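Quick note on the numbering used here: the sequence shown kicks off at 1017 and runs consecutively.
Ideal Cβ placement from N, Cα and C applies to all residues, glycine included.
Model, not experiment: these values are computed from the prediction.
I have placed the structure first, in the form of C-alpha cells, so that the comments after it can refer back to it.
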Amino acid sequence: MELRKGSIGDLADIERVERESFADAERYDVPLLRLLLGEKEFETVVATVDGAIAGYATLFHKEGCISSRIVSMAVRPHHRRRGIGSSLLRELERLAAEKGAERLVLEVGTINLAAVAMYESVGFRIGGVLPGYYGEGRDAYHMDKSVSRG
Ligand SMILES: CC(C)(COP(=O)(O)OP(=O)(O)OC[C@H]1O[C@@H](n2cnc3c(N)ncnc32)[C@H](O)[C@@H]1OP(=O)(O)O)[C@@H](O)C(=O)NCCC(=O)NCCS
C-alpha cells in the first residue's frame, strides 16, 4: 500500500470509492468531489494498492487556524481492515501538523460503528453529540484529537 497526494485526475476513482462506501443520500457527488480536489484549502491523500486507488481521505485547513477538519474518508470494501484507513488518518495528521494545526476535528454518524472505532483506534475522542446533524433522527459525534508533532 502506498500513499500519495490526490488530484483532479483521481476524481473518477474517488467517486467509485464513495459509491461503494455510502448510501446515495450520504455520499459526496462529483461537483463536491471536484471542489475538494481543486480548492487550495482542501488536501486529499489517496491510498493505492498495486497502483489502483483503494481509499482516500480529505483534510480542510484554513491558513492561520489551529484546527484542521477531516471532511471525508472511505476505503473500498474489499480493502478494509488492513490498516488503510488508519494510515490515511496518520498522513492527514502529519499534513495538519505541517500546516500548523494543533487539533484535528471531525463529525461522524453515531451509528457508524466502524468509523468511530477506527477514529478511536488512532486517538480521537468523542467530544459531544450533534442531534440531527445528518438530518432528522440522524445524530453525529463530534470527535477531536490533539495533533501529534511526530
Ligand atoms: C471507516 C473505514 C474508513 C475504516 O477503514 P479501514 O481501512 O477498514 O480501517 P483500518 O483497517 O485502518 O482499521 C483500524 C481499526 O479501526 C477499527 N475498525 C475498523 N473497521 C471496523 C469495524 N468494521 N468494526 C469494528 N472496528 C473496526 C479496528 O480497531 C481496526 O483495527 P483492527 O483491524 O486491527 O481491529 C471504512 O470502514 C469505510 O470506508 N467505511 C465506509 C465509509 C465511512 O464510514 N467513512 C467515514 C465517514 S466519517
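- DSSP links residue 1141 through a beta bridge to 1160.
- In terms of Cα proximity to residue 1151, the closest of 1158, 1125, 1162 and 1135 is 1125.
- A distance below 7 Å between beta-carbons, with the five flanking residues on each side excluded, links residue 1079 to no residue of its chain.
- The alpha carbon of residue 1019 has as its nearest neighbour, out of 1119, 1052 and 1107, the alpha carbon of 1107.
- Residue environment for residue 1086: buried (at least 16 other C-beta atoms within 10 angstroms of its C-beta).
- Rounded to whole angstroms, residue 1141 and residue 1161 show a C-alpha spacing of 7 Å.
- By the neighbour-count criterion, in which 16 or more other beta carbons inside 10 Å mark a residue as buried, residue 1071 falls on the buried side.
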